[in-house]
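**Q** Just so you know, the sequence shown maps onto residues 227 to 500 in my numbering.
C-beta: ideal position from N, C-alpha, C; glycine also.
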Amino acid sequence: MTAPIVFLVDNGSLRPQATLALRGLADALSARLQLSIEAVSLLHAHKVPAELLGGQPATIVKRRLREHIAQGQRNFLCLPLFLGPSLAILDYLPRVVAELQLDCPELSVRIAPVLAGANMDSPDLRLAQILADQLRALPNWQQAKVALVDHGSPILEVNRVRNAVARQLSQLLDLPDGAVQPCSMERREGEAYAFNEPLLEKLGQLESFAGGPLILAMFFLLPGRHAGEGGDVAEICAGLQEAGAFEPIRITPLLAEHPLLLDLLADRLAAACD
């Protein structure tokens, strides 16, 4: 069997910054491993105007697989740029592959492990190490409260990753257990999704936590509608400051900006190739 074509796969965004950042990460990983790695999104990115992407239009997994299949390729490996076992990876991507296999039964698509690894209650420590490095780089971080924020998920296992990394971050920073407050940017309605609480916008209502300076450890990988400049998280933080819940609020860089993420991706790719 020929060597697989490798896709670095994110969920996708209508914001061009997300696709450009994904391409930068794929290029850096390609250079490191001396291997061609394509930046491909599951959804959305193909709708971004090409002129906002340096003239190179973005593509999505289903479309890119069809193009390669038409050229005779049959062997692929998807490297998920996902923190935990999201439905996009566990459900949507396998359904895309199954649909294409109806017309091309010999199609083979391996899916590498997510960044957290196999144990959602003890995720790869490097995720917390990235956050610890970014947080320690901020002046006087010891005088601030620390919260770890993720997007929020309908999947309990993804939430367990968030909570576990918050615990790990407390340990790496030599803080008391529970000192890093996990929270989510948003959640679905209904009691079934209450495990996402507290929401970021409600941190000011936690009596034992509100007040004073706050550092927000960003458990996000790429910029887009939610994270990065002008995103939802920044807007929520502005609201918290206006309400006097915290002052000031500082935000760490995104995970993909740290070189250790390349180590993690390289290991996930190697595991899928074994």
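Within 10 angstroms of the Cβ of residue 497, are there 16 or more other Cβ atoms? Answer buried if so, exposed if not.
**A** Label assigned to residue 497: exposed.
**Q** Below 8 Å, can you find three or more Cβ-Cβ pairs linking the stretch 448 to 459 to the stretch 238 to 255?
**A** These segments touch.
**Q** Rounded C-beta distance between residue 341 and residue 309? I'm assuming under 8 Å.
**A** With a Cβ gap of about 5 Å, residue 341 and residue 309 count as contacting.
**Q** Report, in whole angstroms, the separation of the C-beta atoms of residue 384 and residue 445, which I expect to be a contact under 8 Å.
**A** At roughly 10 Å, the Cβ-Cβ gap does not stay under 8 Å, so residue 384 and residue 445 are not in contact.
**Q** Under DSSP, the alpha helix (DSSP H) around residue 360 begins and ends at which residues?
**A** Here the alpha helix (DSSP H) through residue 360 covers 351 to 362.
**Q** Does the beta-carbon of residue 431 have 16 or more other beta-carbons within 10 angstroms, so that it is buried, or is it exposed?
**A** Exposed, since its Cβ has fewer than 16 Cβ neighbours within 10 Å.
**Q** The alpha helix (DSSP H) spanning residue 463 covers which residue range?
**A** Unbroken alpha helix (DSSP H) run through residue 463: 458 to 468.
**Q** So what does residue 301 bridge to, in DSSP terms?
**A** In DSSP, residue 301 forms a bridge with 334.
**Q** Who does residue 477 pair with in a DSSP beta bridge?
**A** DSSP, once it has assigned bridges, lists 442 as partnering residue 477.
**Q** Output the distance between the C-alpha atoms of residue 479 and residue 464, rounded to the nearest integer angstrom.
**A** When rounded, the distance between both Cα atoms is 17 Å.
**Q** Between the Cα of residue 194 and the Cα atoms of 475, 264, 413, which residue gives the shortest distance?
**A** For residue 194 there is no data in the structure shown, the boundaries of the chain being 227 and 500.
**Q** What are the uninterrupted segments assigned as beta strand (DSSP E) that are 3 or more residues long and contained completely in the stretch 354 to 423, given in chain order?
**A** Runs of the beta strand (DSSP E) inside the stretch 354 to 423: 371 to 376, 406 to 410.
**Q** Identify the continuous beta strand (DSSP E) that holds residue 268 and give its terminal residues.
**A** Residue 268 -> no beta strand (DSSP E), and no H or E assigned at all.
**Q** Report the three-state DSSP secondary structure of residue 347 (helix, strand or coil).
**A** Looking at residue 347 - three-state DSSP - the assignment turns out to be coil, as it is neither helix nor strand.
**Q** Short check: CB of residue 433 to CB of residue 462, under 7 Å?
**A** Taking 7 Å as the Cβ cut-off, residue 433 and residue 462 do not qualify as a contacting pair.
**Q** Using 10 angstroms around the beta-carbon of residue 345, count the other beta-carbons present and answer buried if the total reaches 16, otherwise exposed.
**A** Answer is exposed; the Cβ neighbour count stays below 16.
**Q** Looking at the structure shown, is residue 306 part of a helix, part of a strand, or coil, going by DSSP?
**A** DSSP places residue 306 in strand when its eight states are reduced to three.
**Q** Buried or exposed: residue 386, going by 16 or more other Cβ atoms within 10 Å of its Cβ?
**A** Its Cβ being crowded by 16 or more others within 10 Å, residue 386 is buried.
**Q** With burial defined as no fewer than 16 other Cβ atoms inside 10 Å of the residue's Cβ, what is the status of residue 499: buried or exposed?
**A** It counts as exposed.
**Q** With C-beta atoms as the reference, is residue 361 less than 7 Å away from residue 406?
**A** Not in contact: residue 361 and residue 406 (Cβ atoms no closer than 7 Å).
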